[in-house]
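What follows is a short report on a single structure.
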Amino acid sequence: MLYCPKAMAFASTDALHDFIEQHPFGCLVSQPFFCSHLPWLLKRQQGEQGVLYGHLARQNPHTTTLDGQQVLINFTGPHAYISPGWYQSKLAVPTWNYAVAHVQGKAQLLEPEETLAVLEEQVAWYESEPAALAKMPAQYREQLAQAIVGIRVPIEQLAGKLKLGQQRSAADQQGVFAALQQSSSPQAQALAALMASWQLGVG
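Positions 6 to 208 (the working numbering) are the ones given, in order, by the sequence shown.
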């Protein structure tokens, strides 16, 4: 499902779950090749490795092919170009560092009542402003729910990769961290923060 040297693997299922919750916008891919980009809600305690919930527009062609099909969902975290000039090593080449998680499982389309319940849970998870919730009264949400189809994906396989320069020397990691942290790019700064959370390059 994903090429990942052992040194770059996530430490645990919990770490992968954390990553998915922090980066919940995932790309759903099925055969014949078709993709839908969706926000997902993870329920960690369901199933053996968790269950993902989302919804599709009813007019999305995916709704006619997904039910019962094996799918792949990709979650992408921060990523950035890494210059060889940031390393202390005399020999180096440019690369791209990143973090990703991949989920594989069998998609299940939901009935309208289940779809509405998933929609309400997603709104409750992402929305923290009461004023915003007031703009979505129950009757209005029920009308909107008729235009979408809920989807459930029990996780059968879960994998991830943290390509953060773990194989480099401490000095090289520090050079990369410093350059990313000083960058004007939000992605680069987010990658530096991820490195810091794994104690890479922080001295």
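From the three backbone atoms N, C-alpha and C, an ideal C-beta is built for every residue, glycine too.
Remember, it's a predicted structure, so these values are computed and weren't measured experimentally.
(request) Alpha carbon to alpha carbon, how far is residue 198 from residue 214? Give it in angstroms, no decimals. (result) This structure gives no information on residue 214, because the portion of the chain shown stretches from 6 to 208.
(request) With DSSP as the reference, please indicate the residues paired to residue 61 in a beta bridge. (result) For the purposes of this step, residue 61 is taken as residue 56 along the sequence shown, with counting starting at 1. Bridge partners of residue 61: 154.
(request) Report the three-state DSSP secondary structure of residue 91 (helix, strand or coil). (result) Sequence index remark: in the sequence shown, residue 91 carries index 86 (1-based). In this structure, residue 91 counts as helix in the three-state DSSP scheme.
(message) Between which residues of its own chain and residue 176 is the CB-CB distance below 7 Å, once the five residues before and five after are set aside?
(response) Stepping through the sequence shown from its first residue, residue 176 is reached at position 171. Hits under 7 Å: 93.
(request) May I ask you to list the residues that DSSP assigns as paired with residue 41? (result) Position 36 of the sequence shown, counted from the start, is the residue given in the question as residue 41. Residue 41 is bridged by DSSP to 33.
(request) Identify whether residue 101 lies in helix, strand or coil by the three-state DSSP scheme. (result) The residue you call residue 101 lines up with position 96 of the sequence shown. DSSP places residue 101 in strand when its eight states are reduced to three.
(message) Measuring alpha carbon to alpha carbon, tell me which residue in 207, 208, 192 is nearest residue 81.
(response) Translated into positions along the sequence shown, residue 81 becomes position 76. Selected option, being the one with the closest Cα: 192.
(request) Could you spell out where the alpha helix (DSSP H) holding residue 5 opens and where it closes? (result) Examination of residue 5 is not possible in this model, given that the chain is present from 6 through 208 alone.
(message) Given a cut-off of 9 Å on the beta-carbon distance, is the pair residue 52 and residue 159 in contact?
(response) Position 47 of the sequence shown holds residue 52. Position 154 of the sequence shown holds residue 159. Residue 159 is positioned such that its CB atom lies closer than 9 Å to that of residue 52.
(request) Can you check DSSP and say which residues form a bridge with residue 159? (result) Taking the first residue of the sequence shown as position 1, residue 159 is located at position 154. Residue 159 pairs with 56.
(request) Thinking residue 146 and residue 125 are a contact (beta carbons under 8 Å), I'd like their distance in whole angstroms, please. (result) The sequence position of residue 146 within the sequence shown is 141, counting from 1. The sequence position of residue 125 within the sequence shown is 120, counting from 1. Indeed they touch by this definition, with Cβ atoms about 7 Å apart.
(request) Measure the C-alpha to C-alpha separation of residue 155 and residue 114 and round it to an integer number of angstroms. (result) Translated into positions along the sequence shown, residue 155 becomes position 150. Translated into positions along the sequence shown, residue 114 becomes position 109. Taking the straight line joining both Cα atoms gives about 6 Å.
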